[in-house]
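Peer 1: Residue numbers (the numbering used here): -19 to 509.
1) At what residue ranges does the region 405 to 446 contain a whole run of the alpha helix (DSSP H), taking only runs of 4 or more?
2) For residue 68, which residues does DSSP report across the bridge?
3) How do the region 24 to 34 and the region 217 to 236 stand: do at least 3 beta-carbon pairs fall below 8 Å, yes or no?
4) Does the contact criterion of 3 or more C-beta pairs under 8 Å hold for the region 467 to 477 versus the region 298 to 314?
5) Using 8 Å as the threshold, is the region 258 to 269 in touch with the region 232 to 241, meaning 3 or more CB pairs across them?
6) Residue 447 to residue 99, Cα distance in whole Å?
7) Per the DSSP calculation, residue 386 is bridged to which residue(s)?
8) For the ligand GTP, any of its heavy atoms closer than 7 Å to the Cβ of residue 173?
9) Any idea if residue 81 is buried or exposed, counting beta-carbon neighbours within 10 angstroms, 16 or more meaning buried?
10) If you scan the region 283 to 346 from start to end, which runs of the alpha helix (DSSP H) of 4 or more residues do you find wholly inside it?
11) Rounded to the nearest angstrom, what separates residue 39 and residue 12 at their Cα positions?
12) So is residue 430 buried or exposed if we call it buried at 16+ other beta carbons inside 10 Å?
13) Could you compute how far the alpha carbon of residue 376 sits from the alpha carbon of residue 383?
14) Out of 256, 29 and 49, which has the shortest C-alpha to C-alpha gap to residue 2?
15) Which value, in whole angstroms, describes the spacing of the CA atoms of residue 194 and residue 172?
16) Inspect the beta-carbon positions of residue 268 and residue 278 and report whether they are closer than 8 Å.
17) To the nearest whole angstrom, what separates the beta carbons of residue 212 and residue 433, a pair I think is in contact under 8 Å?
18) Give every residue of the same chain whose Cβ lies closer than 6 Å to the Cβ of residue 329, excluding the five residues on either side of it in the sequence, and list them in chain order.
19) On the three-pair Cβ rule with 8 Å, is the region 148 to 165 touching the region 183 to 202?
20) According to DSSP, simplified to helix, strand and coil, what is residue 403?
21) Less than 8 Å separating the beta-carbons of residue 63 and residue 36?
22) Classify residue 403: buried if its beta carbon has 16 or more other beta carbons within 10 angstroms, exposed otherwise.
23) Expressed to the nearest angstrom, what Euclidean distance is found between the alpha-carbon atoms of residue 405 and residue 388?
24) Around the Cβ of residue 355, are there at least 16 other Cβ atoms within 10 angstroms (buried) or fewer (exposed)?
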């Protein structure tokens, strides 16, 4: 079997085994080796096996294929030959035994060998993503793989689990490779791929390194393509970052070289299979029942709310839960970068942003969608996250008849959330004076809910504050509920108490006038109960 060793770019030092009759090189996702360089054509060159002779053929590429310092159309390759495609250098060698240089083959080597043979035999590179999801294809691929495993049975050490080997190869050929098991694990909430052998997961709130691994950087790129393709997103050298989602709603971020220096990188925040409700948060001790009751009546009474928190603190989960309190009769418009919200109401319109096309045109931002939503007769607008000039449009919407709208911002406290909103409004480029911005925030926002992620992995609603007044040009908040840390348990868990502060919100009377039952006892501090 022949091997091509690649140098340069994201594949440096990797081997491509030539197990079929052809290996296609280029920028297209249909290629066997995807080369992300603007100087590489979509289908640039191919290596063809005829008998025992290996031919290198240029496919009419713009910048050519170079062998022995000359551009070639078609040439026979000999062991030791080097050829160049764009910035990539390929060293060709030939071997008659796959594992002759090693006393014992590793599971990864068998996976790589079987993976290459399976793809070549079924010509999987020519199939669409929808075809790959076909159960009959997986069955047929499994039958072919059984035959391939039997053919090399004598070389596989007795300790290796054949079923595990088969599943790993099928997952890589038809799915997301090692990510399949991690996504199926209910205890894993986040998956982070830093490289082929560097996969980390968050399990029950704590980070740990997984034993799963990709075979190569190219396999990571294939997984990324399979994620972003079905939703019309793209990732290449001109657009090396992408936000996407899986079919179950899990949020995905991917970034590839040249921005990711060592390897293509994937970060997946899993979407829970079971819809989380407010009672679950009470059970997790993320807040108390009185706090949950207060949030429910505030949403029912159409109080505009901003959820504040750091990265991974659970803002979107809390937003999803609070938005579910909106009455069924309301027309709700949700706006997100990657659609994660799943509301139980019937009258919901879901909008999602769109990135620019390959020419850098056609993008639709959150701000564009917020502006457009105002023409859709919404009762309430729910924006997944305000991170730019859309904050101005959101605040104006809250001020003009869309009471009860919700959004999130990145901030570490309610006070920081107000400052963050001020800065985001400035991004709109309207050159508003700070006093006018603060008056806009004060008149638009009723409440700020702070959620935090602690070092033990737990997430807690640490503060519920009312936007209470303006004093000498400054917005004044008054905290209604708070979480006070008291220490750390022997198991390393954060300990503390939730308590009301004794402050009664100024809008309590409005809640009562709206016909909502408000138990005033919830505002009594724990020490006084």
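Just so you know, even glycine gets a beta-carbon here, dropped at the ideal spot from N, CA and C.
Peer 2: Working from what's here:
1) 414 to 424
2) Numbered from its first residue, the chain shown carries residue 68 at position 88. DSSP, once it has assigned bridges, lists 65 as partnering residue 68.
3) no
4) no
5) no
6) In the chain shown, residue 447 corresponds to position 467, counting from 1. In the chain shown, residue 99 corresponds to position 119, counting from 1. C-alpha separation (whole angstroms): 60 Å.
7) The residue given as residue 386 occupies position 406 in the chain shown. DSSP lists 285 and 362 as partners of residue 386.
8) Summarising the ligand content, the structure contains no ligands, and the ligand GTP is consequently not present.
9) Locating residue 81 in the chain shown gives position 101, where the first residue counts as 1. Only weak support is given to the placement of residue 81: the predicted model assigns it a pLDDT of 42, under 50, and the value that follows is read from those uncertain coordinates. Exposed, by the Cβ-count rule.
10) 295 to 303
11) Position 59 of the chain shown, counted from the start, is the residue given in the question as residue 39. Position 32 of the chain shown, counted from the start, is the residue given in the question as residue 12. One C-alpha to the other measures close to 14 Å.
12) The residue labelled residue 430 in the question sits at position 450 within the chain shown. Buried, because 16 or more other Cβ atoms sit within 10 Å of the Cβ of residue 430.
13) Sequence index remark: in the chain shown, residue 376 carries index 396 (1-based). Sequence index remark: in the chain shown, residue 383 carries index 403 (1-based). Going by the C-alpha atoms only, they are around 11 Å apart.
14) Within the chain shown, numbered from 1, the residue matching residue 2 stands at position 22. Considering only alpha carbons, the answer is 29.
15) Stepping through the chain shown from its first residue, residue 194 is reached at position 214. Stepping through the chain shown from its first residue, residue 172 is reached at position 192. Residue 194 and residue 172: Cα-Cα distance of roughly 12 Å.
16) Within the chain shown, numbered from 1, the residue matching residue 268 stands at position 288. Within the chain shown, numbered from 1, the residue matching residue 278 stands at position 298. Not a contact, by the Cβ cut-off of 8 Å.
17) Within the chain shown, residue 212 is the residue found at index 232, counting from 1. Within the chain shown, residue 433 is the residue found at index 453, counting from 1. Rounded, the Cβ-Cβ distance is 32 Å, inconsistent with contact.
18) Position 349 of the chain shown, counted from the first residue, corresponds to residue 329. So the list reads 313, once near-sequence residues are dropped.
19) yes
20) For the purposes of this step, residue 403 is taken as the residue at position 423 of the chain shown. Correct three-state label for residue 403: helix.
21) Residue numbering aside, residue 63 sits at position 83 when the chain shown is read from its first letter. Residue numbering aside, residue 36 sits at position 56 when the chain shown is read from its first letter. Their beta carbons are under 8 Å apart, which means residue 63 touches residue 36 by this criterion.
22) For this step, residue 403 is matched to residue 423 along the chain shown. Exposed is the call here.
23) Locating residue 405 in the chain shown gives position 425, where the first residue counts as 1. Locating residue 388 in the chain shown gives position 408, where the first residue counts as 1. Taking the straight line joining both Cα atoms gives about 14 Å.
24) For the purposes of this step, residue 355 is taken as the residue at position 375 of the chain shown. Per the 10 Å Cβ criterion, exposed.
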